[in-house]
Ligand SMILES: Cc1cc2nc3c(=O)[nH]c(=O)nc-3n(C[C@H](O)[C@H](O)[C@H](O)COP(=O)(O)OP(=O)(O)OC[C@H]3O[C@@H](n4cnc5c(N)ncnc54)[C@H](O)[C@@H]3O)c2cc1C
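Numbering (the numbering used here), first residue to last: 49 to 519.
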């Protein structure tokens, strides 16, 4: 019997099944399991912590390879600012360990209970991506096991695609397709493919379809000396949007996140202190030093006054208060996940992004369409990166069907605007059919050919990114 905990994730896909779970202790065991599965053509679904939102680790047959026991932090190198850790290390443990050594690992998805390997496999991002970029920017090395069982050590800077778009990965040569990358600030859709690209980048964001990531060499930064953070409330949404535009242009913030009125209404269940008249809010963070602490605070005060923030907003300068504000930010997706679980409805949650100039149009489309829909919804997230999540919260199947219609309408807008299906959560199983709105079948076949050169029997992450007919 495979425990239920390995058959689900935060997508709430409920009908996953598998014959067996392997929980290897080391990379050699991973290689042995994959070599056997490849020989017998048994599908292998790689499992991290299961916080993914698109069903990537939900198996449909075959075996699960769980990374739970690959959980050692091997080295924190204070001289070179790097750390080596196994894939099953919990992200928050990793962050705490490096921070206790005066260093920072910037990738910070809102859910920190995920595994380091899961964040690399999905190229996770989060609020701090506004300043630091996604996980990809902090991966200096990977130990990966290919479907054949071959163990490959990838070091950034060592292997690049040649002028004919050929890329060497261990003993395998991969022919890269010509694909236009969307001009969005973030992208987590399909494989990273670019002229002259580094081989390591192919695996970052590959959603368990190209190899099992066993060990990560992470790039670290000096830990900031101080941090100012705040949750600031507004009576008019237009004021928030003006503030965000000014922050983006003139302030060295590390995060700026948006909550619409429906998000605040959700949060009011837990936070009665949210001012009654608030119709929108932002969460922000900016790093400080003892010499800039005061000027940073003054700058925010001036900005917030200028844009008519409510006086009863919340600020934090110490770790305990900051953790409270972060928890406020985290509670929104958690509360919504509870809703989805309660109503037993599939998640309808957008993660698309568009180029900067198309964002105001998309944002207006979300608001106008949803206000008239009669559905319950929230709009919140990484507005600094022009990437907000819409969650539609259906109460029954009829509302679920209507929510999916609206989702397709939003996707079509994003596709027309040269955007991306997923900016941070990936494609998984939940969104793979929608890829066809963004790519032609020929383009998807070219991308699938990359997978088949590394995994000729198609055993890894079956059902993720590609529909069966493409493999
Ligand atoms: C409340 C909440 C908030 C979230 N906020 C964010 C956010 O702000 N930003 C963001 O980017 N994401 C966010 N997520 C999504 C999720 O937390 C991330 O995608 C996370 O990186 C997944 O890690 P995991 O270990 O849970 O992976 P899993 O869910 O176990 O797996 C995710 C995918 O990666 C593959 N995989 C996992 N480990 C490996 C490995 N070692 N080798 C190869 N493939 C592997 C799996 O097969 C699967 O396809 C959120 C999720 C929740 C529930």
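Virtual Cβ for every residue (Gly too), placed ideally from N, Cα, C.
Proximity winner among 272, 292 and 458, relative to residue 280 (alpha-carbon distances): Among 272, 292 and 458, the Cα nearest to that of residue 280 belongs to 292.
Which residues does DSSP list as the beta-bridge partners of residue 437? In the DSSP output, where bridge partners are listed per residue, residue 437 has 428.
Quick check: what's the CA-CA separation for residue 422 versus residue 134? Going from the Cα of residue 422 to the Cα of residue 134 covers about 47 Å.
Are the beta-carbon atoms belonging to residue 197 and residue 86 less than 8 Å from one another? One thing to note: residue 197 has its Cβ within 8 Å of the Cβ of residue 86.
Flag this pair as yes or no: are the beta carbons of residue 260 and residue 112 separated by less than 8 Å? Cβ atoms of residue 260 and residue 112: not closer than 8 Å.
By a C-beta neighbour count over all protein chains shown, 10 Å radius and 16 as the cutoff for buried, is residue 366 buried or exposed? Exposed, since its Cβ has fewer than 16 Cβ neighbours within 10 Å.
Residues in the same chain with beta-carbon distance under 7 Å from residue 525, minus the five sequence neighbours each way, listed in chain order, please. The question about residue 525 has no answer, for the chain in this structure spans 49 to 519.
For residue 255, is the classification buried or exposed, using 16 other Cβ atoms within 10 angstroms of its Cβ as the cut-off for buried? Looking at its Cβ environment, which holds 16 or more other Cβ atoms inside 10 Å, residue 255 is buried.
Given a threshold of 16 other Cβ atoms within 10 Å of its Cβ, counted over all protein chains shown, does residue 393 qualify as buried or as exposed? Per the 10 Å Cβ criterion, buried.
Report yes or no: do the region 299-316 and the region 425-443 share at least 3 C-beta pairs separated by less than 8 Å? Segments in contact, yes.
With a threshold of 7 Å, establish whether the CB of residue 242 neighbours any heavy atom of ligand 1. Every heavy atom of ligand 1 is 7 Å or more from the Cβ of residue 242, so no.
Taking 8 Å as the threshold (C-beta atoms), are residue 146 and residue 168 in contact? Against a cut-off of 8 Å, the Cβ pair of residue 146 and residue 168 comes out as no contact.
By alpha-carbon positions, which one of 205, 68 and 155 ends up nearest to residue 269? Nearest in C-alpha terms to residue 269, of all of 205, 68 and 155, is 155.
Local Cβ density within 10 Å of residue 153, reported as buried at 16 or more and exposed below that: In summary, residue 153 is buried, with 16 or more beta-carbon neighbours lying within 10 Å of its beta-carbon over all protein chains present.
Quick check: the region 174-186 against the region 234-252, are there 3 or more CB pairs under 8 Å? Touching, yes, given that three or more Cβ pairs across the two stretches are closer than 8 Å.
Span of the beta strand (DSSP E) around residue 71: For residue 71, no beta strand (DSSP E) segment is defined, and its DSSP state is neither H nor E.
C-beta atoms of residue 96 and residue 166 nearer than 8 Å: Pairing residue 96 with residue 166 gives a Cβ-Cβ distance under 8 Å.
Whole-Å CB distance - residue 401 paired with residue 305, under 8 Å assumed: Between residue 305 and residue 401 the Cβ distance is about 15 Å, and since that is not below 8 Å, they are no contact.
With a threshold of 16 other CB atoms inside 10 Å of the CB of residue 488, please say whether the residue is buried or exposed. Flag for residue 488 reads exposed.
Is the separation between the beta-carbon of residue 237 and that of residue 508 shorter than 8 Å? Not closer than 8 Å, so no.
Assigned exposure category for residue 239 - 16 Cβ within 10 Å defines buried: Under a 10 Å Cβ-count criterion, residue 239 is classified as buried, with 16 or more other Cβ atoms of the shown protein chains found around its own Cβ.
Once the 5 residues before and after residue 388 are set aside, which same chain residues still bring their CB inside 8 Å of it? If we look at residue 388 and ignore the five residues flanking it on each side, its Cβ neighbours are 60, 394, 395 and 441.
Buried versus exposed call for residue 469 [16 or more other C-beta atoms within 10 Å across all chains shown]: A residue is called buried once 16 or more other Cβ atoms fall within 10 Å of its Cβ, and residue 469 is buried on that count.
Environment of residue 127 [buried if 16+ CB atoms lie within 10 Å]: Counting Cβ neighbours within 10 Å, residue 127 comes out exposed, since fewer than 16 surround it.
Is residue 117 close to ligand 1? I mean its beta-carbon at under 7 Å from any heavy atom of the ligand. Residue 117 Cβ: outside cutoff for every heavy atom of ligand 1.
Quick check: what's the CA-CA separation for residue 344 versus residue 141? Straight-line Cα distance between these residues: approximately 30 Å.
What are the boundary residues of the alpha helix (DSSP H) that includes residue 444? Neither: residue 444 is in no alpha helix (DSSP H) and is coded neither H nor E.
Run the proximity test for residue 105: is its beta-carbon closer than 7 Å to any non-hydrogen atom belonging to ligand 1? Indeed, a heavy atom of ligand 1 lies less than 7 Å from the Cβ.
Which residue from 277, 74 and 207 puts its Cα closest to that of residue 221? Ranked by how close their Cα comes to the Cα of residue 221, the residues 277, 74 and 207 have 207 in first place.
With a cut-off of 8 Å, does the C-beta of residue 307 fall near any C-beta of chain B? Absent from the structure: chain B. Only one protein chain is present.
Between which two residues does the alpha helix (DSSP H) harbouring residue 286 extend? From DSSP, the alpha helix (DSSP H) with residue 286 extends over 285-298.
Given 8 Å, three or more beta-carbon pairs between the region 444-451 and the region 71-79: They do not touch, by the three-pair rule.
What does DSSP give as the partner residues of residue 270 in its beta bridges? BP columns for residue 270 point to 151.
Alpha carbon to alpha carbon, how far is residue 274 from residue 374? C-alpha separation (whole angstroms): 16 Å.
Hey, would you say the C-beta of residue 255 is under 7 Å away from at least one heavy atom of ligand 1? Result yes, Cβ under 7 Å from ligand 1.
Among 246, 219, 171 and 232, nearest to residue 205 - alpha-carbon criterion: Closest option to residue 205, Cα to Cα, is 246.
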